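Peer 1:
2 protein chains.
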Amino acid sequence: MYRSHSCGELRASHINTEVILSGWVQKSRDKGFMIWVDLRDRYGITQLIFDEERTPKDMMEKAKSLGREFVIQVTGTVIERESKNDKMPTGEIEVLVSKLEILNAAKLPPFTIEDQTDGGEDIRMKYRYLDIRRNPVKENLIFRHKVTMEVRKFLSNQGFIEVETPYLIKSTPEGARDFVVPSRMNKGQFYALPQSPQTFKQLLMVGGMDKYFQIVKCFRDEDLRADRQPEFTQIDCEMAFVEQEDILNVFEAMTRHLLKEIHGINIEKFPRMLYDDAMRLYGNDKPDIRFGMQFGELNEVTKHKDFPVFNNAELVVGIAVPGGNVYTRKEIDALIDWVKRPQIGALGMVYCRVNEDGTFKSSVDKFYDETDLSKWAEITGAKAGDLICVLSGETNKVRAQLSALRMELATRLGLRKSNEFAPLWVVDFPLLELDEETGHYHAMHHPFTSPKPGQLEMLDTNPGAVKANAYDLVLNGNEIGGGSIRIHDKKTQATMLRHLGFSDENAKAQFGFLMDAFEYGAPPHGGLAFGLDRLVAILGGQETIRDFIAFPKNNSGRDVMIDAPAFIDEEQLKELNIKLDIQE
Amino acid sequence: MYRSHSCGELRASHINTEVILSGWVQKSRDKGFMIWVDLRDRYGITQLIFDEERTPKDMMEKAKSLGREFVIQVTGTVIERESKNDKMPTGEIEVLVSKLEILNAAKLPPFTIEDQTDGGEDIRMKYRYLDIRRNPVKENLIFRHKVTMEVRKFLSNQGFIEVETPYLIKSTPEGARDFVVPSRMNKGQFYALPQSPQTFKQLLMVGGMDKYFQIVKCFRDEDLRADRQPEFTQIDCEMAFVEQEDILNVFEAMTRHLLKEIHGINIEKFPRMLYDDAMRLYGNDKPDIRFGMQFGELNEVTKHKDFPVFNNAELVVGIAVPGGNVYTRKEIDALIDWVKRPQIGALGMVYCRVNEDGTFKSSVDKFYDETDLSKWAEITGAKAGDLICVLSGETNKVRAQLSALRMELATRLGLRKSNEFAPLWVVDFPLLELDEETGHYHAMHHPFTSPKPGQLEMLDTNPGAVKANAYDLVLNGNEIGGGSIRIHDKKTQATMLRHLGFSDENAKAQFGFLMDAFEYGAPPHGGLAFGLDRLVAILGGQETIRDFIAFPKNNSGRDVMIDAPAFIDEEQLKELNIKLDIQE
Numbered sequence: 380m381y382r383s384h385s386c387g388e389l390r391a392s393h394i395n396t397e398v399i400l401s402g403w404v405q406k407s408r409d410k411g412f413m414i415w416v417d418l419r420d421r422y423g424i425t426q427l428i429f430d431e432e433r434t435p436k437d438m439m440e441k442a443k444s445l446g447r448e449f450v451i452q453v454t455g456t457v458i459e460r461e462s463k464n465d466k467m468p469t470g471e472i473e474v475l476v477s478k479l480e481i482l483n484a485a486k487l488p489p490f491t492i493e494d495q496t497d498g499g500e501d502i503r504m505k506y507r508y509l510d511i512r513r514n515p516v517k518e519n520l521i522f523r524h525k526v527t528m529e530v531r532k533f534l535s536n537q538g539f540i541e542v543e544t545p546y547l548i549k550s551t552p553e554g555a556r557d558f559v560v561p562s563r564m565n566k567g568q569f570y571a572l573p574q575s576p577q578t579f580k581q582l583l584m585v586g587g588m589d590k591y592f593q594i595v596k597c598f599r600d601e602d603l604r605a606d607r608q609p610e611f612t613q614i615d616c617e618m619a620f621v622e623q624e625d626i627l628n629v630f631e632a633m634t635r636h637l638l639k640e641i642h643g644i645n646i647e648k649f650p651r652m653l654y655d656d657a658m659r660l661y662g663n664d665k666p667d668i669r670f671g672m673q674f675g676e677l678n679e680v681t682k683h684k685d686f687p688v689f690n691n692a693e694l695v696v697g698i699a700v701p702g703g704n705v706y707t708r709k710e711i712d713a714l715i716d717w718v719k720r721p722q723i724g725a726l727g728m729v730y731c732r733v734n735e736d737g738t739f740k741s742s743v744d745k746f747y748d749e750t751d752l753s754k755w756a757e758i759t760g761a762k763a764g765d766l767i768c769v770l771s772g773e774t775n776k777v778r779a780q781l782s783a784l785r786m787e788l789a790t791r792l793g794l795r796k797s798n799e800f801a802p803l804w805v806v807d808f809p810l811l812e813l814d815e816e817t818g819h820y821h822a823m824h825h826p827f828t829s830p831k832p833g834q835l836e837m838l839d840t841n842p843g844a845v846k847a848n849a850y851d852l853v854l855n856g857n858e859i860g861g862g863s864i865r866i867h868d869k870k871t872q873a874t875m876l877r878h879l880g881f882s883d884e885n886a887k888a889q890f891g892f893l894m895d896a897f898e899y900g901a902p903p904h905g906g907l908a909f910g911l912d913r914l915v916a917i918l919g920g921q922e923t924i925r926d927f928i929a930f931p932k933n934n935s936g937r938d939v940m941i942d943a944p945a946f947i948d949e950e951q952l953k954e955l956n957i958k959l960d961i962q963e
Numbered sequence: 380m381y382r383s384h385s386c387g388e389l390r391a392s393h394i395n396t397e398v399i400l401s402g403w404v405q406k407s408r409d410k411g412f413m414i415w416v417d418l419r420d421r422y423g424i425t426q427l428i429f430d431e432e433r434t435p436k437d438m439m440e441k442a443k444s445l446g447r448e449f450v451i452q453v454t455g456t457v458i459e460r461e462s463k464n465d466k467m468p469t470g471e472i473e474v475l476v477s478k479l480e481i482l483n484a485a486k487l488p489p490f491t492i493e494d495q496t497d498g499g500e501d502i503r504m505k506y507r508y509l510d511i512r513r514n515p516v517k518e519n520l521i522f523r524h525k526v527t528m529e530v531r532k533f534l535s536n537q538g539f540i541e542v543e544t545p546y547l548i549k550s551t552p553e554g555a556r557d558f559v560v561p562s563r564m565n566k567g568q569f570y571a572l573p574q575s576p577q578t579f580k581q582l583l584m585v586g587g588m589d590k591y592f593q594i595v596k597c598f599r600d601e602d603l604r605a606d607r608q609p610e611f612t613q614i615d616c617e618m619a620f621v622e623q624e625d626i627l628n629v630f631e632a633m634t635r636h637l638l639k640e641i642h643g644i645n646i647e648k649f650p651r652m653l654y655d656d657a658m659r660l661y662g663n664d665k666p667d668i669r670f671g672m673q674f675g676e677l678n679e680v681t682k683h684k685d686f687p688v689f690n691n692a693e694l695v696v697g698i699a700v701p702g703g704n705v706y707t708r709k710e711i712d713a714l715i716d717w718v719k720r721p722q723i724g725a726l727g728m729v730y731c732r733v734n735e736d737g738t739f740k741s742s743v744d745k746f747y748d749e750t751d752l753s754k755w756a757e758i759t760g761a762k763a764g765d766l767i768c769v770l771s772g773e774t775n776k777v778r779a780q781l782s783a784l785r786m787e788l789a790t791r792l793g794l795r796k797s798n799e800f801a802p803l804w805v806v807d808f809p810l811l812e813l814d815e816e817t818g819h820y821h822a823m824h825h826p827f828t829s830p831k832p833g834q835l836e837m838l839d840t841n842p843g844a845v846k847a848n849a850y851d852l853v854l855n856g857n858e859i860g861g862g863s864i865r866i867h868d869k870k871t872q873a874t875m876l877r878h879l880g881f882s883d884e885n886a887k888a889q890f891g892f893l894m895d896a897f898e899y900g901a902p903p904h905g906g907l908a909f910g911l912d913r914l915v916a917i918l919g920g921q922e923t924i925r926d927f928i929a930f931p932k933n934n935s936g937r938d939v940m941i942d943a944p945a946f947i948d949e950e951q952l953k954e955l956n957i958k959l960d961i962q963e
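So the sequence lines, in the order shown, correspond to chains A and B.
Start counting at 1 in the first sequence, then tack on 379, and there's your number in this note's numbering.
Start counting at 1 in the second sequence, then tack on 379, and there's your number in this note's numbering.
1) Just to confirm before moving on: does the CB-CB distance between V595(B) and Q613(B) stay below 8 Å?
2) Using a Cβ-Cβ distance cut-off of 8 Å, determine whether E898(A) contacts chain B.
3) In whole angstroms, give me the CA-to-CA distance for K762(A) and V729(A).
4) Given that a residue counts as buried once 16 or more other Cβ atoms are within 10 Å of its Cβ, and exposed if not, what is L487(B)?
5) Can you tell me whether F897(B) is buried or exposed, with buried defined as 16 or more other CB within 10 angstroms of its CB?
6) Hey, which unbroken runs of the alpha helix (DSSP H) at 4 residues or more fall wholly within the segment 759-796 of chain B?
7) Looking at C-beta atoms only, is the number of pairs between the segment 830-842 of chain A and the segment 636-649 of chain A that lie closer than 8 Å three or more?
8) Going by Cα to Cα distance, which pick from F539(B), G387(B) and V516(B) is closest to Y422(A)?
9) Given E541(B), which residues of its chain have a CB within under 6 Å of its CB, disregarding the five upstream and five downstream residues?
10) To the nearest angstrom, report how far apart A756(B) and G818(B) are at their CA atoms.
11) Taking C-beta to C-beta, are L475(A) and I521(A) nearer than 8 Å?
12) Is Q581(B) buried or exposed, if buried means 16 or more other CB atoms sit within 10 Å of its CB?
13) What is the DSSP secondary structure of S477(B), counted as helix, strand or coil?
14) Name the two residues that bound the continuous beta strand (DSSP E) containing V718(A).
15) Between the beta-carbon of N483(A) and the beta-carbon of Q623(A), is there less than 8 Å?
16) Using a cut-off of 7 Å between C-beta atoms, extract the partners of F579(A) located in chain B.
17) Identify the continuous alpha helix (DSSP H) that holds N934(A) and give its terminal residues.
18) With 8 Å set as the bound, which would you pick, yes or no: does the beta-carbon of M573(A) sit closer than that to a beta-carbon of chain B?
19) Tell me the residue span of the alpha helix (DSSP H) that contains H878(B).
20) Taking DSSP as the reference, what is the three-state secondary structure of T551(B)?
21) So S935(B) contacts chain A; which residues on that side make the cut at Cβ distance below 8 Å?
22) Assuming N934(A) and L603(A) make a contact with CB atoms under 8 Å, what is their CB distance in whole Å?
23) Does the Cβ of R390(B) have 16 or more other Cβ atoms within 10 Å, making it buried, or fewer, making it exposed?
24) Looking at chain B, which residues of the segment 604-617 of chain A have a Cβ within less than 7 Å of any of its Cβ atoms?
25) Please tell me whether E749(A) and T759(A) are closer than 8 Å, where the distance is taken between their beta carbons.
26) Check whether chain B comes within 8 Å of I548(A), counting only Cβ atoms and requiring the distance to be less than that.
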């Protein structure tokens, strides 16, 4: 037996008990005649004590030899600690060691195993198994486990069945790029790894499973932006015989349950917002509503005042920065530089101070008088002491720019509190999205999303205006889930695919099995998928998903710990009926 | 709202309630003036009634038009049923329909959606979404969900943390063939899909996670024998600071919990058997101990009696078939033909009848007298009325042959009862296994398994005799789980890999990250993995894992429903820096 207790469990009530503990040496203090060792395991830290008077000489020598991260086993007696440490759950006691065994020595770790480490991202990823020993990472992984257990319990209690769908499926040209897997047994053919189990969950509805869920890995071979992973985890859900309202209610209840179980927070009813309103008021389809700073559109009150920039702009829009009037001219210039960075791309920024006495001072006083500016304040909701920031230009671009500024300022102002949770449903998404490069429309959600009743016909006349039965769940400015009511009849699905540019032949080759299935009695159905990595990060009050993934990949899609991907044998390639053909 | 109740929920207490139901038309009986429709969903079947007197004429017409598997929604009143059906939970009532809506018509399904279907395996797999509507398949999937929920709850309550390990990892030449995934971003390099998360779970132990589990897909590109799948699911577990005994106790408790929760069966203590004994007594490392028929080795009592077949045999071994003396000569001849089939490969079979009066009649009376044969009976445990079947030859071969015969006879005799559960630990597996083709030893479990204490040295002198800290959990003659105590120091791991034929260079390239990790304070650790597909099938009283997988692949690794794998675009291949190179 390696241990009778964990390192987090001994209390004053255990005094005089003989115990066996195993763990890692967190650190030791050697006073010559006395040695204290902090012994660590997943459950906590217990102080061990060796002293000249009570410890045999050879054991003192052995204790002196212990380095950081050595793995040891000790037998000893729990005794009262002289100087108690009320910051540690085990702080009332220590263990006087009578037997010490070194189970495994350890080289000096390449970074310190402490909550605040001296290791950079790269070295921590290379030695991720050491990084996981650190409390923040360990606690994140335990937190992730707790969230998934709660999700499973909740959904299972609601009658959802977790069904495993296959990982070796078929490549589809729609959406992101697939990872593919050459089939040895089917020469020249490839499986694809699922971008999501979308079609399978729909087939489970056709199969009468009624309520399905799965916590499942999904794969996308995309050029990795920061904080994207080639493999990621979804809480994937689908229900039959439901309308949008039914789905929203179930998953609102699930999210409410998580917030309650994990943070003790009760949120009665999640607000809902139309996609169009989200774009108008926040420039963004996933607004962070923990704070205000809503957009005020200023076209009406800025036009025809001889300021050509605003006169020529499709949209003039501003926000009020609470207390922003304290910014110096230099600080405001820095802000202007910030919005002009290529990542944001604004051409400039107009600002207007709202002084404490209610007067205004703007960067465009030449064109606008107090009356004009008071209207700006009214529309943006600016109060005395605030700063109004105004951007202008093409609607989509300027909204994205002002949204980025709003988030940046809120972060600087401490308005994005990590212990505050503001969920929001965004509903009535457009069905299609115009790809500006190709001029083609593609499905905003995916090709299986149903248009709003009666809008199918508009696909021919005004495709961009067709709204979908599609919804996102937003939490603190992050999309944590999204879904839709699906098309469940072959004809509509065929029409839809035609509008997305599929030839009938391609539609049949790619999705024939699904459309065939629709002919054998498909129920109305819909669903939703949560991005688990992000959900867990946001619930954990953080934003970096990598910190909640045990073994993440870097921005080049590499696992630097195991050094993957890697070259494989010629023999292996031959068996798979492929050869390398490196493109320059 | 599509429904107020499910189709399995209405009882006499609901009489006079107005309800809304949705589901599939299971069948309808049309008596002209009256139409009954069985409406089905996941939860059950409810009888709907339409009749001339109470149903408007156009609705009668619509009801007449309903075909099997149409999806409909009805509003109606729950009424008492005239002829009650106590075989159905809803058999006391029916619903008099006041509103009927056809949500989706259905083509006639290619096989009947009944518990006993007329569809063969191939057609059912092509239309798996229809197959899933059938109770046996649906119930299997729900059963699988229940088992996994119980496993997760049990392990979570025991302090295990479910950690997701990556799917895009690195190919290793050891073990079965990997499925690989070309990396677009790392030209010419490949990921591999995990055959198991083995090294990652060990790294989690090095990382101090202490108790890990994961229900996870694994992948093996093997030539598919019957009832093997290229992707399969494991309950993967690992613990730190444990000895074999600790692991056996935890997972015995888990299995006991499952048997109790699922079948209400209490099994106090699982028996344990040495690998060597299992091979000697059952010819098999996964003996079915629901019944006896243990092997009796007869070399001592058959040699030197002028029967050259036995005299020259490495092993002469028999089993007593309970009540087998009733077999006619023809039946016994058929049995001899059975063991001589190429799949079994015996050269012949000697038999000996034990008559009711205690006398013997054997096929080798020329060589053996009553005294000799009475010893055979004693050693095999044969009683009056039994039949002793004896095979002889090379030890390994003859054991496998007699084991196959034992299982076949037990099946014919009805001794393998599907509602009886006989778990068994098989322990002390050999560390290495001789590959007879190459003459090389390879790891019987995997290269990370630790040899029994003090036996490492024997690797040089008598490698085949080295026993491992490895164990299997057997249930009803099936291996449902297996694991080992792992090597946790670099030196032993390096020695082990050398003995498995890895050059130091290869060992470093493949497993360097693991051996490096062992130098930074690796705790003693070990674990176990259950094959979930098989566990669920066996717990469900069945043996075919395919029946417990939602979307299985066929023996060529194809998903015939979605028609995968498939050819992919030239463009896609180019992006992945590969081209086809089909070997003839």
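Note that CB positions come from ideal geometry on N, CA and C, so glycine has one too.
Computed from a predicted structure; not experimentally measured.
Peer 2: In this structure, then:
1) Counting from 1 along the second sequence, the entry for residue 595(B) is found at position 216. Counting from 1 along the second sequence, the entry for residue 613(B) is found at position 234. In contact: V595(B) and Q613(B) (Cβ atoms closer than 8 Å).
2) Reading the first sequence from its first residue, position 519 is the one you call residue 898(A). Closer than 8 Å: yes.
3) By 1-based counting over the first sequence, the position of residue 762(A) is 383. By 1-based counting over the first sequence, the position of residue 729(A) is 350. Each residue's alpha carbon lies about 17 Å from the other.
4) Locating residue 487(B) in the second sequence gives position 108, counting from the first residue. So L487(B) counts as exposed.
5) Your numbering for residue 897(B) matches position 518 in the second sequence. Classification for F897(B): buried.
6) 774-791
7) no
8) Residue 422(A) sits at position 43 when you count from the first residue of the first sequence. Nearest C-alpha to Y422(A): F539(B).
9) Here residue 541(B) refers to the residue found at position 162 when the second sequence is read from its first residue. Excluding residues within five positions, the ones whose Cβ falls inside 6 Å are F592 and Q593.
10) By 1-based counting over the second sequence, the position of residue 756(B) is 377. By 1-based counting over the second sequence, the position of residue 818(B) is 439. Cα-Cα distance, rounded: 38 Å.
11) The residue you call residue 475(A) lines up with position 96 of the first sequence. The residue you call residue 521(A) lines up with position 142 of the first sequence. Taking 8 Å as the Cβ cut-off, L475(A) and I521(A) do not qualify as a contacting pair.
12) Here residue 581(B) corresponds to residue number 202 of the second sequence, with the count starting at 1. Q581(B) comes out buried.
13) As a first step, residue 477(B) is located in the second sequence; it is residue number 98 there, counting from the start. S477(B) falls in the strand class under three-state DSSP.
14) As a position in the first sequence, residue 718(A) is number 339, starting the count at 1. Note, V718(A): premise wrong, no beta strand (DSSP E); alpha helix (DSSP H) at R708 to K719.
15) Against the first sequence, residue 483(A) aligns to sequence position 104. Against the first sequence, residue 623(A) aligns to sequence position 244. Not a contact, by the Cβ cut-off of 8 Å.
16) Position 200 of the first sequence, counted from the start, is the residue given in the question as residue 579(A). Here the neighbours are F930.
17) Within the first sequence, the letter at position 555 stands for residue 934(A). Per DSSP, N934(A) belongs to no alpha helix (DSSP H) and is neither H nor E.
18) Residue mapping note: residue 573(A) aligns to position 194 of the first sequence, counting from 1. First, the amino acid is wrong: residue 573(A) is Pro here, not Met. P573(A) does not count as touching chain B.
19) In the second sequence, counting from the first residue as 1, residue 878(B) sits at position 499. Taken as a continuous stretch (DSSP letters only), the alpha helix (DSSP H) holding H878(B) covers K869 to H878.
20) As a first step, residue 551(B) must be located in the second sequence, where it is residue number 172. Coil at T551(B), not helix or strand.
21) Counting from one through the second sequence, the residue named residue 935(B) turns up at place 556. Within 8 Å Cβ-Cβ: M564 and N565.
22) Within the first sequence, the letter at position 555 stands for residue 934(A). Within the first sequence, the letter at position 224 stands for residue 603(A). Their Cβ separation, rounded to whole angstroms, is 5 Å, which keeps N934(A) and L603(A) in contact under 8 Å.
23) Walking along the second sequence from the start, residue 390(B) turns up at place 11. R390(B) should be labelled exposed.
24) P609, E610 and T612
25) Working through the first sequence from its first residue, we reach residue 749(A) at position 370. Working through the first sequence from its first residue, we reach residue 759(A) at position 380. Cβ distance not < 8 Å, so E749(A) and T759(A) don't count as in contact.
26) Your numbering for residue 548(A) matches position 169 in the first sequence. Chain B, which has a Cβ nearer than 8 Å to the Cβ of I548(A), makes this yes.
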